[in-house]
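Novice: Chains as they are written, first to last, in the working numbering: chain A, 3 to 292; chain B, 3 to 292.
2 protein chains.
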Amino acid sequence: MKASFKSILTLTTLFFISACDADNSTDSVWRKLELNNTVLLTLPHGKVVIELAPQFSPKHVAQFSELTKQGFYDGTQFYRVIDGFVAQAGPDTDSEKDKSVPLLAMESQWKTDKKWSFTPVQKQDLFAQQTGFKDSFAIAYQAGEKQGSGKAWLTHCPGTLAMARGNQADSASSHFYFVIGQAPRYLDDIMTIFGRVVYGMQHVQAIQRTEVIEGEYAVDHRDFTKITSMQLMSDVPKAEQIHIEVENTESSAFAERLVKRRKRDADFFYKKPPPVLDVCQVPIRSRLVK
Amino acid sequence: MKASFKSILTLTTLFFISACDADNSTDSVWRKLELNNTVLLTLPHGKVVIELAPQFSPKHVAQFSELTKQGFYDGTQFYRVIDGFVAQAGPDTDSEKDKSVPLLAMESQWKTDKKWSFTPVQKQDLFAQQTGFKDSFAIAYQAGEKQGSGKAWLTHCPGTLAMARGNQADSASSHFYFVIGQAPRYLDDIMTIFGRVVYGMQHVQAIQRTEVIEGEYAVDHRDFTKITSMQLMSDVPKAEQIHIEVENTESSAFAERLVKRRKRDADFFYKKPPPVLDVCQVPIRSRLVK
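1) Taking the alpha carbon of residue 131 (chain A) as the reference point, which residue from A:292, A:226, A:152 has its own alpha carbon closest?
2) Between A:113, A:280, A:171, A:105, which has its C-alpha nearest residue 126 (chain A)'s C-alpha?
3) With a cut-off of 9 Å, does the C-beta of residue 120 (chain A) fall near any C-beta of chain B?
4) Quick one: what does DSSP say residue 121 (chain A) is sitting in, helix, strand or coil?
5) Identify every residue that forms a DSSP beta bridge with residue 96 (chain B).
6) I believe residue 110 (chain B) touches residue 193 (chain B) by the beta-carbon criterion, under 8 Å. Please report the beta-carbon distance rounded to the nearest angstrom.
7) Under the assumption that residue 52 (chain B) contacts residue 291 (chain B) (Cβ atoms under 8 Å), give the Cβ distance between them as a whole number of angstroms.
8) Would you call residue 298 (chain A) buried or exposed, if buried means 16 or more other Cβ atoms sit within 10 Å of its Cβ?
9) Between B:216, B:238, B:208, B:237, which has its C-alpha nearest residue 227 (chain B)'s C-alpha?
10) For a test of the three-state rule: what should DSSP assign to residue 188 (chain A), helix, strand or coil?
11) Skipping 5 residues on each side, what residues in its chain have a beta carbon closer than 6 Å to that of residue 115 (chain B)?
12) Cα separation between residue 167 (chain B) and residue 95 (chain B)?
13) For residue 48 (chain B), which of B:231, B:252, B:161, B:268 has the nearest alpha-carbon?
14) Nearest-angstrom Cα distance between residue 160 (chain A) and residue 142 (chain A)?
15) Quick check: the Cα distance between residue 54 (chain B) and residue 62 (chain B), rounded to an integer number of angstroms?
16) From B:64, B:185, B:271, pick the residue whose C-alpha is nearest to that of residue 105 (chain B); which is it?
17) Measuring only between beta-carbons, confirm whether residue 186 (chain A) sits less than 9 Å from chain B.
18) Please tell me whether residue 254 (chain B) has its Cβ less than 9 Å away from any Cβ of chain A.
19) Within the same chain, show all residues whose beta-carbon is closer than 7 Å to that of residue 236 (chain A), passing over the 5 residues directly before and after it, in chain order.
20) Within the region 212-262 of chain A, note down every full beta strand (DSSP E) run reaching 3 residues or more, in order along the chain.
21) Quick one: which chain A residues come within Cβ less than 9 Å of residue 287 (chain B)?
22) Residue 275 (chain A) versus chain B: which residues are under 9 Å apart at the beta carbon?
23) If you reduce the DSSP assignment to three classes, tell me which class residue 103 (chain A) lands in.
24) Give the straight-line distance between the Cα atoms of residue 99 (chain A) and residue 170 (chain A), rounded to the nearest whole angstrom.
25) Run down chain B in chain order and give the residues with a C-beta less than 7 Å from the C-beta of residue 278 (chain A).
Here it is as structure tokens:
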């Protein structure tokens, strides 16, 4: 009966099984994450894996990776967690540790040339001329006046990892946040996104909220969720490494999946929804590999 | 249906006029929820409060309320929980209990006449001509060819409560789901939404996921989250009742808040985002009252 979503899932799964011989061609359905570009965030209640995005935000990734290598985040806490919005962590504000980290210049968008390409998803999205995917990250794109003079930027979908900052553009350092609710797209292009959750998002969702509604008891700061450890996956002992492959959003299989998803052909859709896709409502699949 | 919808609205209005301590005007910032229109869902890890929407989906609310009164949901489990999508619960599929419940006709949209009004949020949203709020619920609206011949429907924002169904439109009965991720707006107008979470959404987010990625161990069904109890708040012993007020989305204060939110005037926005609002990214505040 209420298995109607299930039938869709099954169809999709079958589609994948038939298509996913993990070859090394550029049209491969899956893309294996490099261990030195992957982060293992261990929380008291579960493990989370993050894919970093040095191709989009190289300086933020370099600083975050360096801090991670140093064990900078171990023992820090998620001190600003608002349900439906963000889970933000970092060292104690204005502590010596906090002030020891250099500030970063914004890396919120990049120019695109004639050779640049992406997998388009939706035109005339609320916040952008065009949305799409690039390297499994959700992006927005704006064409320029001349061909090859456009710009693109990463968008704030759920699971996005971005650096927090003060009021000044170039004031980010080590504090970061995960998006845990409806995409706050108004933050696009004014924050630097530098990664995304590829495994264990349910554990990010289970981080202790720190903000409560009026009339509710405040949450004691001793109950805030602490980071057990943050490590580059390449620094994790082999037996504990988590190897992840993600959907290759540049593959023809993925493009076909977008077409199917937009069409909503399953019997369940007795009345057809509009043929549009919210780029943040297209899950990018991950899988565990040995 | 329209007539009963109006009479319910009138009753509601009378109720909060008599119940609101601070402000008796219809322009009151807060609206107190009626206890018999509010549900207390007790999970092993926390309490969740739901506002029902009899003015929009009277038959679904009536059936859900009746089942709730009978203790129908107590001990049932969340058997289909997909991170970033939905948490779905109900009795064992095809069990006697499951089959004992009458099927419901779809209540996914309603016609609007000249007197009907709502608080507008965004024109030319991806999925609708217009979005907005009505009675603190996110809605979509489509004008008709003649004035006063439009239609409206509730939208699938995070925290939405809707009835699951099979492939047929009129096949819902008792299985329900909460939206726990980016709004699956493609389900708008083909599912019956009949409530929303107004308190404890973090506990809904912490429900055990039942679907895992390829390569991951399956979750044992004995670990699925069970509903401790589902009660109408009016049936809960007084000392344990949770009294909630929510923002009155028909108030001038709320309209002002929308204007502010769209403007993004704070210094933090060193570069202005587009002046648009995603209706599902406008949190409706709740507060606890005694």
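Glycine included, C-beta positions come from ideal geometry on N, C-alpha and C.
Computed from a prediction, not measured in an experiment: that's the story for all the values here.
Specialist: With the given structure in hand:
1) Closest by alpha carbon: A:152.
2) A:280
3) no
4) Residue state, collapsed to three classes: strand.
5) Looking at the DSSP assignment, residue 96 (chain B) forms no beta bridge with any residue, so it has no partner.
6) 6 Å
7) Wrong, their Cβ atoms sit about 17 Å apart, outside the cutoff.
8) No answer is possible for residue 298 (chain A): it lies beyond the span of chain A, which begins at 3 and ends at 292.
9) Comparing alpha carbon positions, the residue from B:216, B:238, B:208, B:237 closest to residue 227 (chain B) is B:208.
10) helix
11) Correct list, in chain order: 150.
12) 12 Å
13) When each option's Cα is compared against that of residue 48 (chain B), the closest is B:231.
14) 15 Å
15) 10 Å
16) B:64
17) yes
18) Not closer than 9 Å to any Cβ of chain A, the Cβ of residue 254 (chain B) fails to qualify, so no.
19) 37, 38
20) Taking only runs of at least 3 residues, the beta strand (DSSP E) segments lying wholly in the region 212-262 of chain A are 231-234, 245-249.
21) 215, 216
22) Neighbourhood of residue 275 (chain A) in chain B, by CB distance below 9 Å: 129, 187, 188, 189, 190, 191, 192, in chain order.
23) coil
24) 20 Å
25) 128, 129
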